[in-house]
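A.B. asks: Residue numbers (our numbering), protein chains in the order written: chain A, 859 to 1262; chain B, 344 to 523.
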Amino acid sequence: MSASTLPPQFEVVDRPLDTQMTISMGPQHPSTHGVLRLELVLDGEMVVKCTPDIGYLHTGMEKLFEYKKYQQGIVITDRMDYLNPLGNNLAYVMAVEKLLGIEIPERAQVIRVLMCELQRIASHLVWLGTHALDLGAMTVFFYCFREREKILNLIEAASGGRLTPSYFRIGGLMMDLPAGFERRVKQFNDNFPPAHAEFHSLLTGNRIFQKRTQGIGIVSAEDAIDLGLTGPSLRGSGVNVDVRRTNPYTGYETYDFEIPVETSCDVWGRYLVRMREMLESHKIAVQALARLKPGSVKADAPKVVLPDREAMKTHMDALIHHFLIVAEGFNVPAGEVYHAIEGSKGELGVYIKSDGGPKPARVHFRGPSFVNLSALPHMCEGEMIADVVAVIGSIDIVLGEIDR
Amino acid sequence: MSQDIQREQTIAAQSASPLEYPALLSLVAALRQAQAEWVSDVVQAFGEITVVVPRAQVGAVCAFLKTAPEFAFNLLADLCGVDRGPEEEPRFEVNYHLFSTTKYHRLRLKVLLNEDDAHVPTVSGIWRTANWHERETYDLVGIIFDGHPDLRRILLPDDWQGHALRKDFPLRGYEPYSLT
């Protein structure tokens, strides 16, 4: 049969590689860190167009907030960025506290800082392990998870939960730290710098790792700001912005730490920023531990904070308050606030609109992963397909927070 | 119970908290003086400043706030839509949370929209990060951003009916959704 008699879709193409191919990467691809699907248009091995497709984990959490009382919303926040649940707790409870105008006791603030920095190290350890795993370095993963396990044990000792602690409550903490906790944190703090040096020795000097990360996924400082990047992804592009420094909360202005900044604007730069950030978090954790003094961990706001168990047995008003908080919740002044903290992945902002009742009218989470992922096409297009996994690893996304 | 009343009063006094960025208020006041049609209202609450902007002026205000050196709001931190309920008029709000990476101050812009005309000009040409935020707001609240380059649903499937974050959308949906 001659070519002219064929229907047009079967015409012979002279140079098959000159055409573009569309492939679907994910949602079950192990290097997309969850259920992210990328629609990649490829020319040979080069990415021409990258379109992220999200929503596979969407569970309507923001809708759910509107049907729960303020204190019940805390457990929902745990499930957003499940690698940094204490950060989510903190952003949410601080926004509600801002609406209520509650002041938190000194000890509760120090414990919040301590726990958040430990959580940041744990989150970065998962990032480091999986990032290295994506690029073919398997060993690092086990070393990272060994250290992370120690942090999760500490969080479990304090709150009872490993991944879903819900430790921070509106007006303070769930409860005070258990006996012997400070000794265990000190033990972790003493052992962390050598472990961190071990990660460096495994990866940083590795020529393959350097070749896979240097000059890949470049985003300039202007582009990074325009694309809304925050956190280590922004600081890897040479912009010195950290919410802990620019808009301090929970007393971060009184701690001595540095903001790591790299100017190489690539995957390598973002890697170095996070590596150094772990040591800075460790530094803050050491300072916070030294500041722990005995005191109350709950604010003096009986209509908002659950009373002590013992007080409930002896004081009638404590019992009444307990009943009212649990059964009806507490009214929050009408208005709206936006509170941002530095999560492990960037600026974690919470917008709460209250209509004066015990349930919020609207809760919106500005997840840093969501915004950082929206910058992925800018970083990927023009790169090789094998580098896409390196770039995804470098922006450190958690799909639970993206899809909410 | 008099102790309780006292405590509530102190809490109420604390909630009249000082502004987080006091210098910004005078800048906003100066802006209102200079461009009266840009600012319909300025609200101070909980230490934050909210500027209510008429819908038609959103593009001009945002472009000005981004480039003016005294504001320098070069980073759009967040954009979210709010449904105030079907009985409210105007029913919808769009909130823009601006941040400056040089001045470190924050500002909220607010646009109010009626239910029958829930259109607002896009700001994705000013901050590229607005692209996904606006898609999310369109998907969940149903606000249409005129001029947006790619206004598709982002979290929910393309064939989803309705907008899930509207107050009249039931929590568990209308019927079970099947992906097959």
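Every residue gets a Cβ at the ideal spot worked out from N, C-alpha and C, and that includes glycine.
Taking the alpha carbon of A/ILE1076 as the point to measure from, which residue in A/LEU1257, A/GLN929 and A/VAL1246 has its own alpha carbon closest?
C.D. replies: Sequence index remark: in the first sequence, residue 1076 of chain A carries index 218 (1-based). The shortest C-alpha separation from A/ILE1076 is found at A/VAL1246.
A.B. asks: Determine whether the Cβ of A/ARG1027 lies closer than 8 Å to any Cβ atom of chain B.
C.D. replies: Taking the first sequence and counting its residues from 1, the one referred to as residue 1027 of chain A is at position 169. By this cut-off, A/ARG1027 is not an interface position.
A.B. asks: With burial defined as no fewer than 16 other Cβ atoms inside 10 Å of the residue's Cβ, what is the status of B/VAL425: buried or exposed?
C.D. replies: As a first step, residue 425 of chain B is located in the second sequence; it is residue number 82 there, counting from the start. So B/VAL425 counts as buried.
A.B. asks: Identify the contact partners of A/GLY913 in chain B, using a Cβ-Cβ distance below 9 Å as the criterion.
C.D. replies: For this step, residue 913 of chain A is matched to residue 55 along the first sequence. Correct list: ASP482, ARG496, ILE497, LEU498, LEU499 and PRO500.
A.B. asks: DSSP beta-bridge partners for A/SER1212?
C.D. replies: Locating residue 1212 of chain A in the first sequence gives position 354, where the first residue counts as 1. BP columns for A/SER1212 point to A/GLY1193.
A.B. asks: For A/THR1104, which residues in chain B fall below 7 Å Cβ to Cβ?
C.D. replies: Locating residue 1104 of chain A in the first sequence gives position 246, where the first residue counts as 1. Here the neighbours are TYR447.
A.B. asks: Which residues, taken in chain order from the stretch 409 to 420 of chain B, show a beta carbon closer than 9 Å to some beta carbon of chain A?
C.D. replies: Listed by position along the chain: ASN417, LEU418, LEU419 and ALA420.
A.B. asks: Is A/GLN967 buried or exposed, if buried means 16 or more other CB atoms sit within 10 Å of its CB?
C.D. replies: Translated into positions along the first sequence, residue 967 of chain A becomes position 109. Classification for A/GLN967: buried.
A.B. asks: Does A/LEU1263 come within less than 8 Å of chain B when only Cβ atoms are used?
C.D. replies: Because chain A spans 859 through 1262 in this model, residue 1263 of chain A falls outside it and cannot be assessed.
A.B. asks: With A/THR1088 and A/PRO1226 assumed to form a contact (beta carbons below 8 Å), what rounded beta-carbon distance in angstroms separates them?
C.D. replies: Taking the first residue of the first sequence as position 1, residue 1088 of chain A is located at position 230. Taking the first residue of the first sequence as position 1, residue 1226 of chain A is located at position 368. Correct: roughly 5 Å between the Cβ atoms.
A.B. asks: Which whole-angstrom value describes the C-beta separation of A/ALA1233 and A/ARG1070, a residue pair presumed to lie in contact below a C-beta threshold of 8 Å?
C.D. replies: Here residue 1233 of chain A corresponds to residue number 375 of the first sequence, with the count starting at 1. Here residue 1070 of chain A corresponds to residue number 212 of the first sequence, with the count starting at 1. Incorrect: roughly 20 Å between the Cβ atoms, too far for contact.
A.B. asks: Reducing DSSP to helix, strand and coil, say where A/ILE1076 ends up.
C.D. replies: For the purposes of this step, residue 1076 of chain A is taken as residue 218 along the first sequence, with counting starting at 1. Correct three-state label for A/ILE1076: coil.
A.B. asks: The alpha helix (DSSP H) that contains B/ILE469, what's its start and end?
C.D. replies: On the second sequence, residue 469 of chain B is found 126 positions in, with the first residue counted as 1. Looking at the DSSP string, B/ILE469 is not in any alpha helix (DSSP H), and its letter there is neither H nor E.
A.B. asks: Using a Cβ-Cβ cut-off of 7 Å (strictly less than) and excluding sequence neighbours within five positions of A/ASN1230, which residues of its own chain qualify?
C.D. replies: Start at 1 with the first residue of the first sequence, and residue 1230 of chain A comes out as number 372. Same-chain partners within the cutoff: LEU1087, SER1091, LYS1203, GLY1204, ILE1253 and ILE1255.
A.B. asks: Could you work out which residues of chain B lie near A/GLY1207, taking near to mean beta carbons separated by less than 8 Å?
C.D. replies: The sequence position of residue 1207 of chain A within the first sequence is 349, counting from 1. Correct list: ALA420, ASP421 and HIS440.
A.B. asks: Residues in its own chain within less than 7 Å of A/GLY1018 by CB, not counting five upstream and five downstream?
C.D. replies: By 1-based counting over the first sequence, the position of residue 1018 of chain A is 160. Excluding residues within five positions, none has a Cβ falling inside 7 Å.
A.B. asks: Hey, A/GLY1030 and A/PRO963 are a contact pair by Cβ (cut 8 Å); roughly how many whole angstroms apart?
C.D. replies: As a position in the first sequence, residue 1030 of chain A is number 172, starting the count at 1. As a position in the first sequence, residue 963 of chain A is number 105, starting the count at 1. Confirmed, about 7 Å.
A.B. asks: Reducing DSSP to helix, strand and coil, say where A/PHE868 ends up.
C.D. replies: Translated into positions along the first sequence, residue 868 of chain A becomes position 10. Helix.
A.B. asks: Taking Cβ positions only, does A/HIS916 come closer than 8 Å to chain B?
C.D. replies: The residue you call residue 916 of chain A lines up with position 58 of the first sequence. Yes - at least one Cβ of chain B is within 8 Å of the one on A/HIS916.
A.B. asks: Under a CB-based cut-off of 8 Å, is A/HIS1180 close to chain B?
C.D. replies: What you label residue 1180 of chain A is simply residue 322 of the first sequence in a count that begins at 1. Cβ-Cβ to chain B under 8 Å: no for A/HIS1180.
A.B. asks: Do we get a CB-CB distance below 8 Å when we pair A/SER981 with the residues of chain B?
C.D. replies: In the first sequence, residue 981 of chain A corresponds to position 123, counting from 1. No, no contact with chain B.
A.B. asks: In chain A, what lies closer than 8 Å to B/PHE488 by C-beta?
C.D. replies: Taking the second sequence and counting its residues from 1, the one referred to as residue 488 of chain B is at position 145. Going along chain A, no residue has its Cβ under 8 Å from B/PHE488, so there is no contact; the nearest lies around 15 Å.
A.B. asks: Give me the subset of the stretch 1224 to 1250 of chain A whose CB atoms are less than 9 Å from a CB atom of chain B, sorted by chain position.
C.D. replies: For the stretch 1224 to 1250 of chain A, which is checked against every Cβ of chain B, the residues closer than 9 Å are ARG1224, PHE1228, VAL1229, LEU1231, SER1232, ALA1233 and HIS1236.
A.B. asks: Drop a sphere of 10 angstroms on the beta-carbon of A/THR877, count the other beta-carbons inside from all chains shown, and report buried for 16 or more, exposed for fewer.
C.D. replies: By 1-based counting over the first sequence, the position of residue 877 of chain A is 19. Looking at its Cβ environment, which holds fewer than 16 other Cβ atoms inside 10 Å, A/THR877 is exposed.
A.B. asks: If you check the beta carbons only, do A/ASP1084 and B/TRP470 fall under 8 Å apart?
C.D. replies: What you label residue 1084 of chain A is simply residue 226 of the first sequence in a count that begins at 1. What you label residue 470 of chain B is simply residue 127 of the second sequence in a count that begins at 1. Yes; because the gap between Cβ atoms is below 8 Å, this pair is in contact.
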